[in-house]
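**Student:** The following block contains the structure, expressed as structure tokens.
Residue numbers (the numbering used here), protein chains in the order written: chain A, 1 to 472; chain B, 473 to 585.
Dropping the structure here:
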């Protein structure tokens, strides 16, 4: 049952929120040992929150659009008094002193957090193999990865543990696992959702977004968490538009651009075929499908893997064993810093800190960081030109379907190439989403719908048409 | 375009491939201790990743402004109204070591404890 249907029944008193939450807890109990999607089950807090919703329903009080809907949040999202690990040993056991804004907004909407989802350490990865607490496994084939870094959230939704979840997306970390696991995953416009309480990876790229089994549920969760937050000065002042109200608008007269640079070399032909099939569905629904070229996208991956590690190297300097998390004792403070960070961080996090420190260091700043920032400008200009010819764009989400555990762990560069279709969106600050669109060789394939900044309505109405026409 | 313009445009060639010594120096700057194996592995992996970025040197970036952030951001002001802070004891409870309501650390200058 969809999250919205569940909430409607809870609001009408036809179903107890407590029963809904118990079913979710039972599903986690039965599936999680094999999948490792959820790191922490917050059963007591969830039961208390559900009981409170049931009492308010009985008393005739308002309970919000997501009343009684269970969900998991990625474990880089601060939950007051509840462990928040970021998939890292360095934060093992840490309990934040405040809730992320999205956590408060979900509670206001009546949703009930039942757990914290597994992830690549500090959201650095594309497979959820970089978690200090073990990899999450693909729901269909346990020898494959679920994608990442929000792999735990994707698997929790795909296996029915919860109807919706939150992930975070810095270079594709919501959309790619959504594609691999066959769920809807949305990266909103940068600033649409407050980042207060999201442990930072790369602050000019990070954005929280929903994952769901269907487009309407994703829209409802986005509406619940979106909006300006005085606690995040980069959050957009304008209110979020009513996305859910436009899901039935169709695509008659909408110009859809298929991105040429993301359809050729390195893209599995079976994946590209699904994108072309999606374009046909949109054309049959009245859209004008054109091909667009954005040459700057060829340089986006290189720019991203300078910019994101540079920001990460700065953001992760706060993990030093002084105020929170792990401390490895030593006789001096500098030595304590080094031991704590060396033992607390995993290999991929160290790699990106090193890469970023190098790109920002004297003598290399102009060659790498300043150059990458200029490429970011070219990407923005390239999208701006494409959006003069099209209202929304279409592309693969990832070059392949879910790959095997361990397949890309030896060569970081191969792993990074997985993000080639999703990274441009983050550099531009635009919204994009993965919509399940059939299978290739038995594994789910998502199609990516991209839109200009703030154009979530056009993106979602296009996604809704694909959802309706997505059967093979 | 939005964003900050950096003072100088880089016009030189891309730097030499990163060396083991570079990696050791960067680890020091990043407050990481790397073992011999890690040094070898990172030298080769970081070299590959940075080599991939060499294609950026071929782009004509003359006169292109740098973008630090996707949207035009200005200083954000608010009214000077006091709001509750985080609870001191709750924050300190998360620290590895505290002393008299302060974060405690080992000696900073290297003298033995």
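For each residue, glycine too, the CB sits at the ideal point set by N, CA and C.
A quick note: this is a predicted structure, and the numbers were derived from the prediction, not measured.
Hey, does residue 588 of chain B have any beta-carbon neighbour from chain A nearer than 8 Å?
**Tutor:** Limits of chain B in this structure are 473 at one end and 585 at the other, which puts residue 588 of chain B out of reach.
**Student:** Compare the Cα-Cα distances from residue 462 of chain A to each of A/246, A/117, A/76, A/403 and report the closest residue.
**Tutor:** A/246
**Student:** For a quick check, are the C-beta atoms of residue 578 of chain B and residue 333 of chain A less than 8 Å apart?
**Tutor:** Yes, they are a contact pair.
**Student:** Apart from the five residues on each side of it in sequence, which residues of its chain come closer than 8 Å, Cβ to Cβ, to residue 240 of chain A?
**Tutor:** 192, 222, 223, 226, 227, 456
**Student:** Among residues of its own chain, excluding the 5 on either side of residue 477 of chain B, which ones have a beta-carbon nearer than 7 Å to its beta-carbon?
**Tutor:** Note that residue 477 of chain B scores 41 on pLDDT, short of 50, meaning its location in the model is unreliable; the coordinates nonetheless yield the value given after this. Result list for residue 477 of chain B: 537, 538, in chain order.
**Student:** Name, going along the chain, the residues of the stretch 498-527 of chain B whose beta-carbon falls closer than 7 Å to a beta-carbon of chain A.
**Tutor:** Within the stretch 498-527 of chain B, the residues whose Cβ lies closer than 7 Å to some Cβ of chain A are 498, 499, 501, 502, 503, 504, 505, 514, 517, 518, 520, 521, 524, 525, 527, listed in chain order.
**Student:** Specify, as a first and last residue, the run of the beta strand (DSSP E) that residue 45 of chain A falls within.
**Tutor:** Unbroken run through residue 45 of chain A is the alpha helix (DSSP H), 43-58; no beta strand (DSSP E).
**Student:** For chain A, check one thing: does any of its Cβ atoms lie closer than 8 Å to the Cβ of residue 486 of chain B?
**Tutor:** yes
**Student:** Just verifying my parser: in three-state terms, what is the DSSP assignment at residue 568 of chain B?
**Tutor:** Residue 568 of chain B: coil per DSSP, three-state reduction.
**Student:** Listed from N- to C-terminal order along the chain, which residues in the stretch 530-557 of chain B have their beta-carbon within a distance smaller than 7 Å of any beta-carbon of chain A?
**Tutor:** 531, 533, 536, 537, 538, 539, 540, 541, 542, 543, 545, 548, 550
**Student:** How many Å lie between residue 297 of chain A and residue 424 of chain A at the Cα?
**Tutor:** One C-alpha to the other measures close to 7 Å.
**Student:** Can you tell me whether DSSP reads residue 473 of chain A as helix, strand or coil?
**Tutor:** Residue 473 of chain A lies beyond the stretch modelled for chain A, which goes from 1 to 472, so this question has no answer here.
**Student:** Mapping the DSSP letters down to three states, classify residue 458 of chain A as helix, strand or coil.
**Tutor:** Correct three-state label for residue 458 of chain A: helix.
**Student:** Does the Cβ of residue 79 of chain A have 16 or more other Cβ atoms within 10 Å, making it buried, or fewer, making it exposed?
**Tutor:** buried
**Student:** Can you tell me which of the three DSSP states residue 165 of chain A falls into?
**Tutor:** Reduced to three states, the DSSP call for residue 165 of chain A is strand.
**Student:** Once the 5 residues before and after residue 292 of chain A are set aside, which same chain residues still bring their CB inside 8 Å of it?
**Tutor:** 257, 258, 259, 260, 386, 389, 390, 393
**Student:** I need the straight-line Cα distance from residue 431 of chain A to residue 315 of chain A, nearest angstrom please.
**Tutor:** 24 Å
**Student:** In terms of residues, what are the limits of the alpha helix (DSSP H) holding residue 500 of chain B?
**Tutor:** That run of the alpha helix (DSSP H) goes 492-501.
**Student:** Which of the three DSSP states is assigned to residue 85 of chain A in this structure?
**Tutor:** Coil at residue 85 of chain A, not helix or strand.
**Student:** To the nearest angstrom, how far is it from the Cα of residue 408 of chain A to the Cα of residue 574 of chain B?
**Tutor:** 45 Å
**Student:** Can you find a C-beta in chain B that's less than 8 Å from the C-beta of residue 458 of chain A?
**Tutor:** no
**Student:** For residue 585 of chain B, does the count of other Cβ atoms within 10 angstroms reach 16, so buried, or fall short, so exposed?
**Tutor:** Bear in mind that the predicted position of residue 585 of chain B carries a pLDDT of just 48, short of 50, making it unreliable; the figure below should be weighed with that in mind. Exposed: under 16 other Cβ atoms inside 10 Å.
**Student:** Listed from N- to C-terminal order along the chain, which residues in the stretch 342-354 of chain A have their beta-carbon within a distance smaller than 7 Å of any beta-carbon of chain B?
**Tutor:** 342, 350, 351, 353, 354
**Student:** Hey, would you say residue 250 of chain A sits closer than 8 Å to residue 209 of chain A, going by beta carbons?
**Tutor:** no
**Student:** Assuming residue 185 of chain A contacts residue 434 of chain A (C-beta within less than 8 Å), just tell me the rounded distance between them.
**Tutor:** 5 Å
**Student:** Suppose the cutoff is 6 Å on Cβ atoms and the five residues either side in sequence are ignored; what does the same chain contact list for residue 112 of chain A look like?
**Tutor:** Short of 6 Å from the beta carbon of residue 112 of chain A, and not among the five residues preceding or following it, lie these beta carbons of its own chain, in chain order: 21, 46, 49, 50, 70.
**Student:** Since residue 307 of chain A is in the beta strand (DSSP E), which residue starts that stretch and which ends it?
**Tutor:** Unbroken run through residue 307 of chain A is the alpha helix (DSSP H), 300-315; no beta strand (DSSP E).
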